[in-house]
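These notes concern the structure reproduced below.
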Amino acid sequence: MKTRICVVLTTVPGAPARRGRARGAAPSSHARRVADAVLRTRLAACVSQIQRVRSRYWWEGKIEESVETLLVIKTRAALFPALERAIRKAHPHSVPEIIRLPVSAGHGPYLDWILRATKRPGTLPGDAHTDRGRP
Numbered sequence: 019m020k021t022r023i024c025v026v027l028t029t030v031p032g033a034p035a036r037r038g039r040a041r042g043a044a045p046s047s048h049a050r051r052v053a054d055a056v057l058r059t060r061l062a063a064c065v066s067q068i069q070r071v072r073s074r075y076w077w078e079g080k081i082e083e084s085v086e087t088l089l090v091i092k093t094r095a096a097l098f099p100a101l102e103r104a105i106r107k108a109h110p111h112s113v114p115e116i117i118r119l120p121v122s123a124g125h126g127p128y129l130d131w132i133l134r135a136t137k138r139p140g141t142l143p144g145d146a147h148t149d150r151g152r153p
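Numbering (this note's numbering), first residue to last: 19 to 153.
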């Protein structure tokens, strides 16, 4: 069964771990900025943050390594163009990682909640929505 839902992945610079913290990294202000930008506008139903992702990649002719925060964004597939614009506007990188993955199937009530929690394509920001609570 094909759904109207997709997952969008993006990474942002992660904050280094603070001294005295046993595990995990300090919250990334970049992650919060991107997550807030897409949630406040109802372009996403949920943004999960996975901290301390170590990425290795080619950049400007050499292999780089950095600690990043991975954002897993759940949304309507039809909202992807607007979501991509919002991520690019809030993202600190000139070439941000933004990858759309289709959701081919999933738990029906959760997928329905994503549809209720996100705005319908073509509606204005700030429109009232009924999210009826997260399942």
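Glycine included, C-beta positions come from ideal geometry on N, C-alpha and C.
- Kindly list the residues whose CB is nearer than 6 Å to the CB of ALA108, restricted to its own chain and excluding five residues on each side of it in sequence; keep chain order. For ALA108, where only same-chain residues beyond five positions count, the Cβ hits under 6 Å are ARG51, VAL52 and ALA55.
- Could you give the DSSP three-state label for SER46: helix, strand or coil? SER46: coil per DSSP, three-state reduction.
- Task: Measure the CB-CB distance between ILE91 and VAL65 and report whether it falls below 7 Å.
- Result: In contact: ILE91 and VAL65 (Cβ atoms closer than 7 Å).
- Message: Checking 7 Å against the spacing of the C-beta atoms, do GLU102 and ILE81 come in under that value?
- Response: Not closer than 7 Å, so no.
- Message: Tell me which residues share the same chain as ARG118 and place their Cβ nearer than 7 Å to its Cβ, disregarding the 5 neighbours each side in the sequence.
- Response: Correct list, in chain order: CYS24, VAL26 and PHE98.
- Query: What residues in its chain sit with their C-beta under 8 Å from that of TRP76, if we drop five residues either side in the sequence?
  - Reply: Once the five neighbours on either side are set aside, the close Cβ partners of TRP76 are GLU82.
- Grab me the residues of ALA95's own chain with a C-beta within less than 6 Å of its C-beta, minus the 5 sequence neighbours each way, in chain order. Closer than 6 Å at the Cβ level, and outside the excluded window around ALA95, lie ARG22 and CYS24.
- Query: Hey, THR87 and GLN67: beta-carbon distance below 7 Å or not?
  - Reply: Yes, they are a contact pair.
- Query: By Cβ distance, which residues of its chain are closer than 6 Å to LEU133, with the 5 residues on each side in sequence left out?
  - Reply: Taking LEU133 as the centre and dropping the five residues before and after it, the same chain places no C-beta closer than 6 Å to its C-beta.
- beta strand (DSSP E) segments (min. 3 residues) lying fully within the segment 79 to 150: The beta strand (DSSP E) runs of length 3 or more contained entirely in the segment 79 to 150 are, from start to end of the chain, 80 to 94 and 117 to 120.
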